[in-house]
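S.K.:
Numbering (this note's numbering), first residue to last: 4 to 102.
Quick look at the structure:
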């Protein structure tokens with residue numbers, strides 16, 4: 004039996020005093036075969052740590068978001084036992100009719 008995969012949620016970086024993130028685009032692609040959504044994010048990262056050397060970098064983030072797990076309800080099937088009548092042979096039936 005395969006091990007259960009534990010999903011760790013993705014935390015996207017946030018803008019701080021040194022780095023600023025500007026979202027350029029986001030595409031969410033559902034994948035029903037794998038029961039997940041794939042997210043593509045285009046981001047412009049602006050580094051402002053050194054005011055003399057401010058620069059921009061365009062980045063692409065890709066991550067998966069799994070769909071919620073559906074709980075499967077299992078119901079117990081109760082089978083009633085039925086009594087089986089013994090089959091009488093032809094000879095026993097004839098004896099019964101005669102007597």
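Just so you know, even glycine gets a beta-carbon here, dropped at the ideal spot from N, CA and C.
None of the values given here were measured: they were computed from a predicted structure.
Terminal residues of the continuous alpha helix (DSSP H) containing residue 99?
M.R.: 93 to 101
S.K.: From 39, 21, 29, 30, pick the residue whose C-alpha is nearest to that of residue 12; which is it?
M.R.: 39
S.K.: Classify residue 73 as helix, strand or coil using the three-state DSSP reduction.
M.R.: coil
S.K.: Between which two residues does the beta strand (DSSP E) harbouring residue 48 extend?
M.R.: 39 to 50
S.K.: Can you tell which of 19, 100, 68, 79 has its C-alpha closest to the C-alpha of residue 33?
M.R.: 68
S.K.: Using C-beta distances below 6 Å, list every residue in its chain close to residue 58, excluding the 5 sequence neighbours before and after it, in chain order.
M.R.: 50
S.K.: Report the option in 85, 66, 25, 54 whose CA atom is closest to the CA atom of residue 60.
M.R.: 25 is the residue among 85, 66, 25, 54 whose C-alpha sits nearest the C-alpha of residue 60.
S.K.: Could you pull out every residue in the same chain whose Cβ sits closer than 6 Å to the Cβ of residue 23, ignoring the five residues on either side in sequence?
M.R.: 49
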